[in-house]
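For reference, the structure is listed below as structure tokens.
Numbering (our numbering), first residue to last: 277 to 468.
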């Protein structure tokens, strides 16, 4: 993205899995949801497409409470919601076809969970050739900490703050030919 963080009409906001089941114990839950809701409002006001992604496997059984999108960011019935079965929002879904239909060339990505669907979907967006901005303060995961195994058999404690920080670093440091990558706070993102 440009230094001004200006996005074009061919930019879509992708709201990934802001559902009850993966935000109930999330780090900075209220702050992230507030920022995501604000981004949705700004995108809509500018005419930029907003696409919601909704996980539909494991504990996220369609119709169940964990599956429900959080009220503060819930789409209207006529808005686009794409269900998914995998961490990657492009895998086995209509997301790419919908973005192509809309003429979208760049994405702004926010939501949950940082260490799973956000990281995977953001990387796939870059591989697919989209200029991609990850909202640095617009994604979250369960508070943790978790004990993650190393190949040596040792474990490393990792919490949500570390996951968010590492994902921001990882995405910002990732480049692909012909696409732009940015990691910006919600306040710096504009849709015009």
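All C-beta atoms, glycine included, are put in the ideal place defined by N, C-alpha and C. No experiment lies behind these values; they were computed from the predicted model shown.
In this structure, the beta-carbon distance from residue 415 to residue 387 falls below 7 Å. According to the DSSP assignment, residue 297 belongs to the alpha helix (DSSP H) that extends over 296 to 299. Relative to residue 461, the option among 452, 441, 451, 301 whose CA is nearest is 441. With a cutoff of 7 Å on beta-carbon distance, residue 408 and residue 371 are scored as not near each other. Here residue 412 is buried, its C-beta having at least 16 other C-beta atoms within 10 Å. Runs of beta strand (DSSP E) with 3 or more residues, each lying fully within the stretch 402 to 438, are found at 407 to 416, 422 to 425, 431 to 434, listed in chain order.
For residue 289, the secondary structure class from DSSP, reduced to helix, strand or coil, is strand. Residue 380 and residue 298 have their C-alpha atoms some 28 Å from each other. Residue burial is scored here from C-beta neighbours: residue 366 has at least 16 other C-beta atoms within 10 angstroms and is therefore classed as buried. Here the alpha carbons of residue 410 and residue 446 stand approximately 11 Å from one another. The stretch 288 to 307 makes contact with the stretch 327 to 338: 3 or more CB pairs, one atom from each, lie closer than 8 Å.
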